[in-house]
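Trainee: What follows is a single structure, and I will ask about it in a moment.
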Amino acid sequence: MVLCTSCGKRKAVIVVKSRGEALCKECFLRKFKDLVIKALTDARLTGGLGSKLVAVATSGGKDSSNALYVLNELKQTYGFDLIAIMVNEGIKGYRELKAKALRKLCKKLNVELIEVNLRKEVGVDIDEVASLYERGLIPFKPCTVCGVLRRYLVSLYAKELGANYVATGHNLDDEIQTFVMNLIRGDLRAIAREGIITSPGPEDVIPRFKPLYYITERESMAYFILRGLMTPHVECPYAKLSMRYKIRSLINYAEYRYPGSKYRLLKLKEEIKAKVEMPRTALRKCTICGMPSSRHICRACEMKEEISKALRELKLSKF
Ligand code: Q46
Ligand code: ZN
73 MVLCTSCGKR KAVIVVKSRG EALCKECFLR KFKDLVIKAL TDARLTGGLG
123 SKLVAVATSG GKDSSNALYV LNELKQTYGF DLIAIMVNEG IKGYRELKAK
173 ALRKLCKKLN VELIEVNLRK EVGVDIDEVA SLYERGLIPF KPCTVCGVLR
223 RYLVSLYAKE LGANYVATGH NLDDEIQTFV MNLIRGDLRA IAREGIITSP
273 GPEDVIPRFK PLYYITERES MAYFILRGLM TPHVECPYAK LSMRYKIRSL
323 INYAEYRYPG SKYRLLKLKE EIKAKVEMPR TALRKCTICG MPSSRHICRA
373 CEMKEEISKA LRELKLSKF
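Residue 337 in my numbering sits at position 265 of the sequence shown, and the numbers go up by one each step.
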């Protein structure tokens with residue numbers, strides 16, 4: 073039996089090789105919360121959350137559910153209020169199962185859940201987007217559209233609800249996957265931009281932060297199980313089409329062969345970020361929807377336009 077390296081009394085349930093730790097359930101759950109507090113501290117949020125409303129962008133998956141759970145535990149200490157937002161992307165066989173689990177969790181935590189329907193909001197769902205992509209009618213993969221439109225709708229609703237911050241479920245693995253993807257794309261500006269919290273922008277841009285920034289995917293899964301939040305395991309059918317999916321396998325392989333790779337990559341990203349100063353892109357308002365954007369027309373409106381065009385063409389071709 074391996075004993076917990078923190079308390080030295082109880083049986084360890086998880087070994088974190090890269091940190092040289094073996095932790096029992098109690099010490100692991102405490103460590104997890106401490107890592108979230110570290111992220112809040114590094115984002116300089118601990119002193120500024122009092123009387124604020126935090127909207128958690130939730131999907132019903134392990135990461136955003138964990139973020140919601142821990143923030144709910146911390147809300148009294150820091151004096152903030154919580155609300156959850158879920159965008160139903162319309163992915164059959166996946167969304168309904170996750171939504172059901174999320175509704176149950178929000179009820180248990182007594183957190184209000186706002187459900188946003190992608191089709192109702194923009195006239196299309198991700199299953200339809202995937203079919204347009206498969207037919208070569210749009211250049212965007214389902215995850216690209218899903219990511220942009222979900223982010224867009226969460227910001228829109230968070231603003232309407234009067235939220236001061238948006239918290240997302242991005243974990244350490246997500247962060248370094250994004251870093252490696254940006255390296256491959258040669259996008260230094262994007263590397264400099266990504267972090268625990270978005271850089272301060274104009275007043276009408278709600279800052280987004282990542283409570284699970286220091287937590288690996290494996291630790292997040294362990295927390296989800298140990299807290300009894302487990303839901304039926306369903307993966308989005310489109311995940312495999314994305315660049316992120318391939319990069320994720322690559323990084324996991326590197327971690328397996330060379331333990332500690334993930335932390336080294338995160339450190340490298342932080343070092344680059346600290347050294348690179350990129351001029352801030354001025355934000356204006358999208359001429360179509362009025363949301364803050366660095367472009368004349370925001371990426372969400374641009375995508376919506378291309379998708380509508382493809383749908384019109386498809387309709388015409390059927391006559
Ligand atoms: S839901 Fe959407 Fe994810 Fe599915 S289509 Fe891709 S981004 S994988 S988290
Ligand atoms: Zn727009």
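Ideal placement from N, C-alpha and C gives every residue a C-beta, glycine not left out.
When burial is assigned at 16 or more other CB atoms within 10 Å of the CB, is Lys134 buried or exposed?
Mentor: Indexing the sequence shown from 1 puts residue 134 at position 62. So Lys134 ends up on the buried side.
Trainee: Using the beta-carbon count (16 or more within 10 Å), is Leu204 buried or exposed?
Mentor: Your numbering for residue 204 matches position 132 in the sequence shown. The residue is buried, with at least 16 neighbouring Cβ atoms inside 10 Å.
Trainee: Are Leu121 and Phe152 closer than 8 angstroms when you measure CB to CB?
Mentor: By one-based count along the sequence shown, residue 121 stands at place 49. By one-based count along the sequence shown, residue 152 stands at place 80. Their beta carbons are under 8 angstroms apart, which means Leu121 touches Phe152 by this criterion.
Trainee: With distance defined between alpha-carbon atoms, name the residue in Asp245, Gly165, Ile186, Lys176 nearest to Gly332.
Mentor: For the purposes of this step, residue 332 is taken as residue 260 along the sequence shown, with counting starting at 1. Nearest C-alpha to Gly332: Asp245.
Trainee: Between Tyr310, Val226, Leu107, Leu355, which lies nearest to Pro274 when the distance is taken from Cα to Cα?
Mentor: For this step, residue 274 is matched to residue 202 along the sequence shown. The option with the nearest alpha carbon to Pro274 is Leu355.
Trainee: DSSP puts Val159 in a beta bridge; with which residues?
Mentor: Walking along the sequence shown from the start, residue 159 turns up at place 87. In the DSSP output, where bridge partners are listed per residue, Val159 has Val188.
Trainee: For the ligand Q46, is there a heavy atom less than 7 angstroms away from the beta-carbon of Glu161?
Mentor: Your numbering for residue 161 matches position 89 in the sequence shown. Result yes, Cβ under 7 angstroms from the ligand Q46.
Trainee: Going by DSSP, name the residue or residues bridged to Val238.
Mentor: Mapped onto the sequence shown, residue 238 falls at position 166. Val238 pairs with Ala127, Arg280.
Trainee: Can you check whether the CB of Ile198 is closer than 8 angstroms to the CB of Val252?
Mentor: Within the sequence shown, numbered from 1, the residue matching residue 252 stands at position 180. Within the sequence shown, numbered from 1, the residue matching residue 198 stands at position 126. No, they are not a contact pair.
Trainee: Do Phe104 and Ile287 have their C-beta atoms closer together than 8 angstroms?
Mentor: The residue given as residue 104 occupies position 32 in the sequence shown. The residue given as residue 287 occupies position 215 in the sequence shown. Yes, they are a contact pair.
Trainee: Just confirm the distance between the C-beta atoms of Thr130 and Ala156, as a whole number of angstroms; I'd bet it's less than 8 angstroms.
Mentor: Within the sequence shown, the letter at position 58 stands for residue 130. Within the sequence shown, the letter at position 84 stands for residue 156. Sure, about 5 angstroms apart at Cβ, within 8 angstroms.
Trainee: Is Ile198 close to the ligand Q46? I mean its beta-carbon at under 7 angstroms from any heavy atom of the ligand.
Mentor: Within the sequence shown, numbered from 1, the residue matching residue 198 stands at position 126. True, at least one ligand heavy atom lies under 7 angstroms from that Cβ.
Trainee: At the level of alpha carbons, what is the spacing between Glu193 and Glu187?
Mentor: Residue numbering aside, residue 193 sits at position 121 when the sequence shown is read from its first letter. Residue numbering aside, residue 187 sits at position 115 when the sequence shown is read from its first letter. Rounded to whole angstroms, Glu193 to Glu187 spans 11 angstroms at the Cα level.
Trainee: Under the rule that 16 or more other beta-carbon atoms within 10 Å means buried, what is Gly240, buried or exposed?
Mentor: In the sequence shown, the residue the question calls residue 240 occupies position 168. The amino acid occupying residue 240 in the given sequence is Thr; Gly does not appear at that position. That one is buried.
Trainee: What do you get for Pro283, buried or exposed, if any count of 16 or more other CB atoms within 10 angstroms of its CB means buried?
Mentor: The residue given as residue 283 occupies position 211 in the sequence shown. So Pro283 counts as buried.
Trainee: How would you call Ala346, buried or exposed, if buried means at least 16 neighbouring beta carbons within 10 angstroms?
Mentor: To locate residue 346, count along the sequence shown from 1; it is residue 274. Under this definition Ala346 is an exposed residue.
Trainee: Strictly by DSSP, which residues pair up with Glu93?
Mentor: As a position in the sequence shown, residue 93 is number 21, starting the count at 1. DSSP output for Glu93 lists Val88 as bridge partner(s).
Trainee: Output the distance between the C-alpha atoms of Val277 and Pro364, rounded to the nearest integer angstrom.
Mentor: Taking the sequence shown and counting its residues from 1, the one referred to as residue 277 is at position 205. Taking the sequence shown and counting its residues from 1, the one referred to as residue 364 is at position 292. Going by the C-alpha atoms only, they are around 7 angstroms apart.
Trainee: Looking at the structure shown, is Lys213 part of a helix, part of a strand, or coil, going by DSSP?
Mentor: Taking the sequence shown and counting its residues from 1, one reaches residue 213 at position 141. Lys213: coil per DSSP, three-state reduction.
Trainee: Helix, strand or coil for Lys83? Go by DSSP, reduced to three states.
Mentor: Position 11 of the sequence shown, counted from the start, is the residue given in the question as residue 83. Strand.
Trainee: Return yes when the Cβ of Leu221 is within less than 8 angstroms of the Cβ of Met315, no when it is not.
Mentor: For the purposes of this step, residue 315 is identified with residue 243 of the sequence shown, where counting begins at 1. For the purposes of this step, residue 221 is identified with residue 149 of the sequence shown, where counting begins at 1. No, the Cβ-Cβ distance between Met315 and Leu221 is not below 8 angstroms.
Trainee: Please work out which residues of its chain come closer than 8 angstroms, Cβ to Cβ, to Lys164, disregarding the five sequence neighbours upstream and downstream, and give them in chain order.
Mentor: Locating residue 164 in the sequence shown gives position 92, where the first residue counts as 1. Excluding positions up to five away in sequence, the list reads Asp199.
Trainee: Cα separation between Val74 and Cys308?
Mentor: Numbered from 1 along the sequence shown, position 2 holds the residue referred to as residue 74. Numbered from 1 along the sequence shown, position 236 holds the residue referred to as residue 308. Those two C-alpha atoms are separated by around 36 angstroms.
Trainee: Report the option in Ile248, Asn243, Gly119, Leu174 whose CA atom is closest to the CA atom of Ala326.
Mentor: One-based indexing of the sequence shown puts residue 326 at position 254. Of the candidates Ile248, Asn243, Gly119, Leu174, the one whose C-alpha sits nearest the C-alpha of Ala326 is Ile248.
Trainee: On the criterion of 16 or more Cβ atoms from any shown chain inside 10 Å, does Arg320 qualify as buried, or is it exposed?
Mentor: The residue you call residue 320 lines up with position 248 of the sequence shown. Under this definition Arg320 is a buried residue.
Trainee: Going by C-alpha to C-alpha distance, which of Leu383, Asn160, Ala202 sits closest to Lys312?
Mentor: Numbered from its first residue, the sequence shown carries residue 312 at position 240. Comparing Cα-Cα distances from Lys312 to each of Leu383, Asn160, Ala202, the minimum goes to Ala202.
Trainee: Check whether the Cβ atoms of Ile263 and Ile344 lie closer than 8 angstroms to each other.
Mentor: Residue 263 sits at position 191 when you count from the first residue of the sequence shown. Residue 344 sits at position 272 when you count from the first residue of the sequence shown. In this structure, Ile344 lies closer than 8 angstroms to Ile263 by Cβ.
Trainee: Any idea what DSSP makes of Ile287, helix, strand or coil?
Mentor: For the purposes of this step, residue 287 is taken as the residue at position 215 of the sequence shown. Ile287: coil per DSSP, three-state reduction.
Trainee: For Tyr310 and Gly80, what's the separation of their Cα atoms in angstroms?
Mentor: Numbered from its first residue, the sequence shown carries residue 310 at position 238. Numbered from its first residue, the sequence shown carries residue 80 at position 8. Straight-line Cα distance between these residues: approximately 44 angstroms.
Trainee: Hey, would you say Val411 sits closer than 8 angstroms to Ala115, going by beta carbons?
Mentor: What is shown of the chain runs 73 to 391, which leaves residue 411 out entirely.
Trainee: At a cut-off of 7 angstroms, would you count Pro364 as near the ligand Q46, judging by its Cβ distance to the nearest heavy atom?
Mentor: Along the sequence shown, read from residue 1 onward, the residue named residue 364 stands at position 292. The answer is no for Pro364.
Trainee: Taking Val252 as part of the alpha helix (DSSP H), name the residues at either end of that continuous run.
Mentor: Counting from one through the sequence shown, the residue named residue 252 turns up at place 180. It spans 244-257 - the alpha helix (DSSP H) in which Val252 sits, taken as one unbroken run.
Trainee: Please state whether the Cβ-Cβ distance between Tyr166 and Val306 is less than 8 angstroms.
Mentor: Within the sequence shown, the letter at position 94 stands for residue 166. Within the sequence shown, the letter at position 234 stands for residue 306. In contact: Tyr166 and Val306 (Cβ atoms closer than 8 angstroms).
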